[in-house]
Amino acid sequence: MKDDEFKDDTIDPALATRFAALRSELAGHDAPRCVEKELLQAFARQFPKQQPWYRTLSLPQWGTAGALASLCGVALLLALAPHQAITVGPPVIGIDSGAAFIALESLERIESEPHARVVEAELPQTALASLGMPLNPQTAGDTVRAEMLVAEDGHPLAVRLSAVN
Amino acid sequence: MTTDSTDTELLRQVHAGQADAFTALYRRHQGPLYRYALLRCGSGDAAADIVQEAFMGLLTGRLGYDPLRGQLQHFLFGVARNLALKLDEARQRHPQLPEPPDDDGEPDPDMASESAGPLARLLGNEAAEEVRRALSLLPPHYRDPVILYELHDLSYQEIATVCQVDIGTVRSRLARGRAALARRLHALQPAPSHDAHLA
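What follows is the structure, given as structure tokens:
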């Protein structure tokens, strides 16, 4: 700091002592805390903190975002969930020398049934329409003789139509 | 942020919006600046205002500090000095009512302290308070070099930069300021008692 070449050592010793006392006394004097506080407030005004993006959204925007997220979540769950394909197809129908065989269950299920039995029955032709058989309106009121292949628990597995009455 | 960061680095961070850097810079320089302003103006409130104004100028960039032209501390002393000069001018434009003189014709420091801040008692130590009051009665152009040289260890060259005068002027003002201060302090010394002479 002080240049030696310029340093004036001719100071009155009494004055030097008093300066030392003043320097010592002033050592504990700092600007009041309120100055720093006000300066930091001014700093905050000058450099406002950038808010995180999620604080910039309004309530309606939050609602929309939530709804979209829910939809996406549901779609994702549906896409990822293990699901069984539900196929509703026409029953397997086979025509063999004028008789029709209609499988009501899959062939594997029918083959795996150990104690299947055959039950004879008379079915209205209208019931055959629901099994995919063509229906003649003129004979819709007639019945048809059928042999039902039934599982041990009574569940129908297949129908064989032997003749139309 | 380390305490070893230079003022220039801290200033760069301040202007980038880092509050920690501003706090570090303020805490590094507020003490000397406040003490200078306190002795220069003789009022804690005025000194606090000066410190705040100086740092506000630094914060907003209004002061245009250039690190190549000197240390920040000395620059702030110069700013504080200019603010104190403005305060002096304002006091001259709106003078206070004169205090009635004492019997010896000298203004009573304690009486003056109530109207003029510089003479209000600020320090607890009696010797320090005496020299502070004597300093406050010096003309401002003597007061500046004495404060900066004796209490802040600035060189003649640095004082010349702060006060915007040449070195020779600093030397002469410092010498005259010291002399005036010594005279005033000597006058404050209690005269040796008659009994002491007799002994």
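Heads up: the sequence lines are chains H and Y, in that order.
Heads up, the final residue of the first sequence is numbered 147 in the working numbering, and it's a clean run with no missing numbers.
Heads up, the final residue of the second sequence is numbered 321 in the working numbering, and it's a clean run with no missing numbers.
The beta-carbon is built from N, C-alpha and C at its ideal position, and this holds for glycine as well.
Please read all numbers here as calculations on a predicted model, not as lab measurements.
- DSSP places PHE83 of chain H inside the beta strand (DSSP E), whose first and last residues are 81 to 85.
- Its Cα nearest to that of THR283 of chain Y, the residue Y:VAL201 stands out among Y:LEU132, Y:HIS151, Y:GLY164, Y:VAL201.
- Note on geometry: alpha-carbon atoms of PRO96 of chain H and MET130 of chain H lie some 16 angstroms from one another.
- Within the same chain, and ignoring the five residues on either side of PHE144 of chain Y in sequence, the residues whose Cβ sits closer than 6 angstroms to its Cβ are VAL136.
- Taking all protein chains shown into account, PRO267 of chain Y has 16 or more neighbouring C-beta atoms within 10 Å of its C-beta and is therefore buried.
- Note that the C-beta distance between LEU4 of chain H and ARG254 of chain Y is below 8 angstroms.
- Residue state for ALA13 of chain H is assigned as coil, using DSSP reduced to three classes.
- If you check the CB distance, ILE269 of chain Y and ARG162 of chain Y come in under 8 angstroms.
- In this structure, Y:ARG134 is the residue among Y:GLY139, Y:ARG215, Y:ARG134 with its C-alpha nearest to the C-alpha of PRO189 of chain Y.
- For GLN195 of chain Y, no CB of chain H lies under 8 angstroms from its own CB, so it is not counted at the interface with that chain.
- Taking a beta-carbon distance threshold of 8 angstroms, ARG37 of chain H does not count as an interface residue toward chain Y.
- The alpha carbon of ALA122 of chain H has as its nearest neighbour, out of H:GLU134, H:ALA128, H:LEU105, the alpha carbon of H:LEU105.
- Per DSSP, PRO116 of chain H lies in no beta strand (DSSP E) and is assigned neither H nor E.
- Distance check between VAL292 of chain Y and each of Y:GLY179, Y:ARG265, Y:ALA309 places Y:ARG265 closest, using alpha-carbon atoms only.
- Counting only the Cα atoms, ALA168 of chain Y lies some 11 angstroms from TYR158 of chain Y.
- Listed as beta-bridge partners of LEU143 of chain H by DSSP are H:ALA82, H:ALA128.
- PHE144 of chain Y reaches chain H at LEU21, LEU22, PHE25, counting residues in chain order whose Cβ is nearer than 8 angstroms.
- Using a CB distance cut-off of 8 angstroms, THR291 of chain Y does not count as an interface residue toward chain H.
- DSSP places ARG99 of chain H in no alpha helix (DSSP H) but in the uninterrupted beta strand (DSSP E) bounded by 99 to 106.
- One thing to note: LEU21 of chain H has its Cβ within 8 angstroms of the Cβ of LEU181 of chain Y.
- As summarised for the segment 138 to 182 of chain Y, the continuous alpha helix (DSSP H) elements at least 4 residues long and confined to that stretch are 141 to 163, 166 to 182, given in chain order.
- In this structure, the beta-carbon distance from VAL126 of chain H to LEU110 of chain H falls below 8 angstroms.
- Using beta-carbon distances, ARG15 of chain H does not count as an interface residue toward chain Y, since no partner is under 8 angstroms.
- By the beta-carbon neighbour count (other beta carbons within 10 angstroms, threshold 16), HIS308 of chain Y is exposed.
- The beta carbon of GLU131 of chain Y does not come within 8 angstroms of any beta carbon belonging to chain H, so the residue lies off that interface.
- Residue environment analysis places GLU102 of chain H among the exposed positions, since fewer than 16 neighbouring C-beta atoms fall within 10 angstroms of its C-beta.
- At a cut-off of 8 angstroms, the C-beta of PHE199 of chain Y has no neighbouring C-beta in chain H.
- When secondary structure is reduced to three states using DSSP, PRO42 of chain H falls in the helix class.
- Against chain H, the CB of TYR187 of chain Y has no partner CB under 8 angstroms away; the residue lies outside that interface.
- Taken atom to atom, the span from the alpha-carbon of LEU257 of chain Y to that of PRO14 of chain H is near 22 angstroms.
- Residue state for PRO(-5) of chain H is assigned as helix, using DSSP reduced to three classes.
- For the alpha helix (DSSP H) assignment, the uninterrupted runs of no fewer than 4 residues enclosed by the segment 264 to 306 of chain Y are, from N- to C-terminal side, 278 to 285.
- Excluding sequence positions up to five before and after ASP129 of chain Y, its CB lies within less than 6 angstroms of the CB of LEU194, all in the same chain and listed in chain order.
- Residue pairing for PRO138 of chain H: DSSP places it in a beta bridge opposite H:VAL132.
- Secondary structure at LEU260 of chain Y: coil, using DSSP grouped into helix, strand and coil.
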